[in-house]
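These notes are about the structure you will find just below.
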Amino acid sequence: MQDKLEAIERRFYDLEEQMADPGVISDSQRFSKIHKEYKDLEPIVRAFRRQTQCLAELKGAREMLQEGDEELRAMAKEEIAGLEEEMEALGDEIKKLLIPKDPEDSKDIILEIRSGTGGDEASIFAGDLLRMYNRYFEKQGWKTELLYVNEGAAGGYNKVVLEVTGEDVYGKMKFESGTHRVQRVPKTEAQGRVHTSAATVAVMPKLELEDVNINRADLRIDTFRSSGAGGQHVNKTESGVRFTHLPTGVVAESMDSRSQHKNREIALGRLIEKIQEARVQQHQDSIAAQRKSMVGSGDRSEKIRTYNFPQNRLTDHRINLTLYNLDSIMDGNIDDVIEKLRLAENAERMNGLQQGV
227 MQDKLEAIER RFYDLEEQMA DPGVISDSQR FSKIHKEYKD LEPIVRAFRR
277 QTQCLAELKG AREMLQEGDE ELRAMAKEEI AGLEEEMEAL GDEIKKLLIP
327 KDPEDSKDII LEIRSGTGGD EASIFAGDLL RMYNRYFEKQ GWKTELLYVN
377 EGAAGGYNKV VLEVTGEDVY GKMKFESGTH RVQRVPKTEA QGRVHTSAAT
427 VAVMPKLELE DVNINRADLR IDTFRSSGAG GQHVNKTESG VRFTHLPTGV
477 VAESMDSRSQ HKNREIALGR LIEKIQEARV QQHQDSIAAQ RKSMVGSGDR
527 SEKIRTYNFP QNRLTDHRIN LTLYNLDSIM DGNIDDVIEK LRLAENAERM
577 NGLQQGV
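Okay, here's the thing in structure tokens:
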């Protein structure tokens, strides 16, 4: 492990030098990739440096034990106990930090929220989820761009699409994909009965062709006039974009945005995601012993969470998590939920490594 940590530190120094290079600074895309890798390595290097410092301090404290002064020996014993405890904690932290990360965790995302079963109440709930996420994004310091809105008749949204950019966006938001169920008395309900409705959330990482080794020559791009709900631009401009991956026949399109440029990005992202999912599924099918992650499936048909308003309760069904602060969660305080899901994923990754899966 020492060799690996030293190699990581050397890579960290190399990235630091690259970020000071005028040629790199002038290339925003290259600088962004280098900076993201630098930020990923920073906590590992910080922990490793502190571990190295602790070792030096331990050596000094143990030398103090050889002194004749009783008071100095007592101080040394106390210092050694504290340093050994810190060393153990640092060792555990470094092991966790060295768990292989999802390479997509640092990606920006396209977030899509749709109303599901439940009519007007489902649209209102979709709006509540959007508000919850927007408040969370603000607290994270992330930037958002609204790409598409289709409002519900009684409030909320039938469908809304956002682009979210920042640090570690997909790494934190990937667990939100799936069906979100709500139990509450709708504003439209005169009898005061509790209804169950749902909204679906899709979190798609913004990927580039090189991320999954797709050749641009293998793509056919078509543009078309958008149809359906979406505003005055519909049927007036060819803003819709469709990508076809010729070797596999996979097709993805977007007419979510007024901008053809944005629709190209969204459609390309969807195409890459579909091809990547097919490759991952093929790999998983070839390894019969491989287990499916409890928090990583991202299947939108899977009910992942229930929001029970009468009991102020949130339940995440994947990790059997129940919290009784739903009012705070709906105000954007979802850090605790996301952190527990990340811990569950890390525990499963670590377990997989130990079992050689």
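Residue numbers (our numbering): 227 to 583.
Backbone N, C-alpha and C fix where the C-beta goes; we use that ideal spot for every residue, glycine too.
Since the model is a prediction, treat every value here as computed from it, not as a measurement.
The beta-carbon distance between Ala570 and Ile545, rounded to whole angstroms, is 5 angstroms. This is short enough to meet the 8 angstroms contact definition.
Under the criterion of beta carbons closer than 8 angstroms, Asp331 and Asp394 qualify as touching, at roughly 6 angstroms. Our two residues, Arg575 and Gly418, have alpha carbons roughly 45 angstroms apart in a direct line.
In the three-state DSSP reduction, Thr343 falls in the coil class, being neither helix nor strand. By the beta-carbon neighbour count (other beta carbons within 10 angstroms, threshold 16), Ile492 is buried. Gly466 sits in a strand when the DSSP states are folded into three classes. Rounded to the nearest angstrom, the gap between the Cα atoms of Leu497 and Glu310 is 51 angstroms.
CA-to-CA, the gap between Arg236 and Leu324 works out to about 16 angstroms.
In the three-state DSSP reduction, Lys321 falls in the helix class (H, G or I).
Taking C-beta atoms as the reference points, Tyr383 and Glu377 count as a pair closer than 8 angstroms. If only complete runs of 4 or more residues are kept, the stretch 233 to 262 shows the alpha helix (DSSP H) at 248 to 251, in order along the chain. For Ile555, the uninterrupted alpha helix (DSSP H) segment begins and ends at 552 to 555. Rounded to the nearest angstrom, the gap between the Cα atoms of Glu338 and Val427 is 6 angstroms.
By the criterion of a C-beta distance shorter than 6 angstroms, Ile350 is surrounded in its chain by Gly381, Gly382, once the five residues flanking it on both sides are discounted. Our two residues, Asp328 and Tyr239, have alpha carbons roughly 23 angstroms apart in a direct line. Here the stretch 391 to 411 makes contact with the stretch 360 to 374; the two share three or more CB pairs at distances below 8 angstroms. In the pairwise beta carbon analysis, the stretch 267 to 283 is classified as not touching the stretch 251 to 259: fewer than three pairs are separated by under 8 angstroms. In the three-state DSSP reduction, Phe450 falls in the strand class (E or B). Taking the Cα positions, Lys385 is about 13 angstroms away from Met481. Between Thr474 and Ile501, the gap from beta carbon to beta carbon is short of 8 angstroms.
Note on geometry: alpha-carbon atoms of Phe274 and Ile320 lie some 7 angstroms from one another. The C-beta distance from Arg340 to Ala478 rounds to 17 angstroms, too long to fall under 8 angstroms, and the pair is not in contact. Following the DSSP letters along the chain, one finds Val395 in no beta strand (DSSP E) but inside the alpha helix (DSSP H) bounded by residues 395 to 399. The DSSP-derived three-state label of Ala379 is coil. Residue His471 holds the alpha-carbon nearest to the alpha-carbon of Leu445 among His471, Leu284, Lys488, Glu304. Boundaries for Glu402: no beta strand (DSSP E) harbours it, and the DSSP string shows neither H nor E there. At a cut-off of 4 residues, the continuous stretches assigned as alpha helix (DSSP H) that sit fully inside the stretch 267 to 338 are 296 to 323. When DSSP reads this structure, Lys369 sits in a beta bridge with Thr391.
In this structure, Leu547 keeps its C-beta atom at 8 angstroms or more from the C-beta atom of Asn538. Counting the other CB atoms within 10 Å of its CB gives Phe450 a total below 16, which places it among the exposed residues. Burial check for Lys488: the Cβ neighbour count within 10 Å reaches 16 or more, so the residue is buried. For Arg531, the enclosing beta strand (DSSP E) covers residues 529 to 534. Each of Met301, Arg484, Ile560 was checked against the Cα of Phe401, and the nearest Cα belongs to Ile560.
Rounded to whole angstroms, the gap between the alpha carbons of Lys566 and Gly558 is 16 angstroms. Contact check for His421 against Leu355 fails: the beta carbons are separated by 8 angstroms or more. Considering only Cys280, Val375, Ala348, Leu373, the residue with the shortest C-alpha distance to Arg410 is Ala348.
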